[in-house]
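What follows is one structure encoded as structure tokens, with my remarks underneath.
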Ligand code: UDX
């Protein structure tokens with residue numbers, strides 16, 4: 003928002019994060035974000051605070067972007083943090099204002115929060131809640147925010163207010179750039195986001211299911227994906243078979259979507275997402291099996307895991323297939339050493355008992371098998387000769403199908419991919 007030229011005050015309850023942000027440091031890894039942060043702090047357009055009072059006094063446009071994690075022990079989304087923002091902020095707003103929700107929420111949430119906000123705020127009907135879902139990908143957050151595919155805004159059709167005009171003003175530079183701006187009712191806007199993520203998850207699980215068949219038939223899923231991807235109706239993107247999807251969004255979003263559909267009496271419509279989830283989780287089990295096959299037994303084996311983040315260009319390890327596989331293999335008695343270019347600190351915090359190495363080569367020291375589980379550029383560039391001297395056995399399992407099988411085989415390695423002969 004500051005980069006678009008607005009005066010911005012960022013609010014968080016985590017004082018450690020605020021201290022970092024104020025010093026121009028991003029508390030997680032995201033390419034290009036630090037420069038944007040520093041530039042806008044220096045320009046005086048961006049400040050941070052823990053004070054909701056200050057936020058309410060400062061702004062008449064509020065963006066709500068807190069997390070909606072999966073509830074412990076159930077599929078539904080935990081809306082505690084979203085609700086807390088409204089119950090804390092709304093009573094402090096005294097004049098006309100709009101709260102734009104960005105968090106991924108179950109359909110119906112915006113409507114409920116609108117009622118709650120109007121009840122709690124001295125501004126009453128002058129406080130509007132609209133929904134403006136976020137489609138950014140980690141690793142491309144800056145690009146996706148400043149040049150999104152589309153802007154979606156859900157407004158309360160029963161209370162035509164200022165939300166649409168305010169959004170058009172906030173996003174004017176993007177709208178002038180001809181980025182499609184779609185205005186809907188709030189329920190549709192909420193569902194656009196969950197459907198988009200459900201579709202992406204389904205696309206990945208589709209190719210991973212086909213990869214199981216390819217494996218059984220001795221076919222190559224990567225070539226198959228290239229071939230079907232040429233059909234513009236299908237498209238090649240999100241057809242990379244491997245250890246599957248993870249992260250803070252797709253897994254929990256499809257589960258919350260199923261839970262919400264159930265509450266609405268439409269559970270049958272989304273039972274296929276249960277299978278999407280199953281196919282995805284089965285990839286992790288398959289990876290563990292392949293590692294076991296490679297080692298004979300995992301007990302006492304030495305396993306190198308290259309990659310811990312749920313995808314490259316991120317230090318996010320939430321529901322990461324890579325770390326999950328590493329953990330499962332360790333539980334079965336192997337000594338596992340992990341290396342990731344950016345996610346070491348987060349991995350240690352989540353899985354303190356795994357072994358960690360400073361470089362990819364150190365991780366492969368004495369390994370019986372090398373697993374590539376996140377397709378970081380530095381792993382794609384690995385040459386068999388680089389690892390020849392350090393590993394105990396020249397066996398590599400490519401969990402992201404990101405290396406050239408022929409090259410590794412030509413140099414005397416046993417190469418296995420997922421869904422490839
Ligand atoms: C996702 C959506 O893409 C984004 O639009 C939404 O706003 C948030 O959720 P993100 O979680 O950053 O973004 O990751 P994404 O790029 O979608 O990848 C998700 C997972 O799928 C990763 O673990 C990735 O490795 C995996 N993936 C992706 C595949 O296994 N195969 C693919 O072809 C693509």
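In this note's numbering, the protein residues as written are 3 to 423.
Where a beta carbon is used, it is the ideal one built from N, C-alpha and C, also for glycine.
Small disclaimer: the values here were computed from a predicted structure and weren't measured.
Legend entry - For residue 292 and residue 358, the rounded distance between their alpha carbons: Looking at the two C-alpha atoms, the distance is approximately 22 Å.
Inset, instruction - Answer yes if the stretch 267-278 comes into contact with the stretch 223-237, meaning at least three C-beta pairs across the two stretches below 8 Å, and no otherwise. - result: no
Legend entry - residue 96: first and last residue of the uninterrupted beta strand (DSSP E) it sits in: If you look at residue 96, you'll find it isn't in any beta strand (DSSP E); DSSP assigns it neither H nor E.
Inset, instruction - Take residue 118 and list the residues in its own chain whose beta-carbon comes closer than 6 Å to its own, dropping the five residues that flank it on each side. - result: Closer than 6 Å at the Cβ level, and outside the excluded window around residue 118, lie 88.
Inset, instruction - Apply the 10 Å Cβ neighbour rule to residue 332 and answer buried if 16 or more other Cβ atoms are within range, or exposed otherwise. - result: buried
Legend entry - Cβ-Cβ distance between residue 384 and residue 307 below 9 Å: no
Inset, instruction - Please determine, among 133, 129, 143 and 403, the residue with the shortest C-alpha to C-alpha distance to residue 109. - result: 133
Legend entry - residue 330 versus residue 337 - alpha carbon distance: Separation of residue 330 and residue 337 (C-alpha to C-alpha, rounded to the nearest whole angstrom) is 11 Å.
Inset, instruction - Could you check which residue in 149, 157 and 159 has the C-alpha nearest to that of residue 174? - result: 149
Inset, instruction - Please go through the stretch 360-395 and give each complete alpha helix (DSSP H) segment of 4 or more residues, from N-terminal end onward. - result: 362-365, 379-382 and 386-390
Inset, instruction - Please confirm whether any heavy atom of the ligand UDX lies closer than 8 Å to the CB of residue 198. - result: yes
Legend entry - Distance between residue 392 and residue 255 (C-alpha atoms, nearest Å): 41 Å
Inset, instruction - Tell me whether residue 243 counts as near the ligand UDX, meaning its Cβ is closer than 8 Å to at least one heavy atom of that ligand. - result: yes
Legend entry - Same chain only: Cβ atoms within 8 Å of residue 286, ignoring 5 sequence neighbours per side: 245, 246, 323, 326, 327 and 330
Inset, instruction - Return the CA-CA distance between residue 69 and residue 81, expressed in angstroms with no decimal places. - result: 8 Å
Inset, instruction - Name the two residues that bound the continuous alpha helix (DSSP H) containing residue 410. - result: 407-412
Legend entry - Other residues of its chain near residue 20: CB distance less than 7 Å, five sequence neighbours each side excluded: Counting only Cβ-Cβ distances below 7 Å, and skipping sequence neighbours, we find 14, 50 and 52.
Legend entry - Candidates 123, 129 and 135: closest to residue 105 by CA position: 135
Legend entry - Best match in 63, 318 and 8 for proximity to residue 42 [C-alpha to C-alpha]: In terms of Cα proximity to residue 42, the closest of 63, 318 and 8 is 8.
Inset, instruction - Measure how close the beta-carbons of residue 395 and residue 364 come, nearest whole angstrom, since I'm counting them as under 8 Å. - result: Wrong, their Cβ atoms sit about 17 Å apart, outside the cutoff.
Legend entry - Other residues of its chain near residue 36: CB distance less than 6 Å, five sequence neighbours each side excluded: 28
Inset, instruction - Would you list the residues sitting across from residue 252 in a DSSP beta bridge? - result: Paired residues: none, contrary to the question.
Legend entry - Bridge partners - residue 65, DSSP secondary structure assignment: Partner(s): 102.
Inset, instruction - Give the range of the alpha helix (DSSP H) segment to which residue 91 is assigned. - result: 82-91
Inset, instruction - Give every residue of the same chain whose Cβ lies closer than 8 Å to the Cβ of residue 379, excluding the five residues on either side of it in the sequence, and list them in chain order. - result: 314
Inset, instruction - Grab me the residues of residue 83's own chain with a C-beta within less than 6 Å of its C-beta, minus the 5 sequence neighbours each way, in chain order. - result: 68 and 69
Legend entry - Pairwise C-alpha distance: residue 31 and residue 317: 6 Å
Inset, instruction - With DSSP as the reference, please indicate the residues paired to residue 168 in a beta bridge. - result: DSSP output for residue 168 lists no bridge partner at all.
Legend entry - Proximal residues to residue 251 (C-beta, below 8 Å), its chain only, five neighbours per side dropped: 106 and 199
Inset, instruction - Please classify residue 358: does DSSP put it in a helix, a strand, or coil? - result: strand
Legend entry - Pairwise C-alpha distance: residue 155 and residue 185: Counting only the Cα atoms, residue 155 lies some 5 Å from residue 185.
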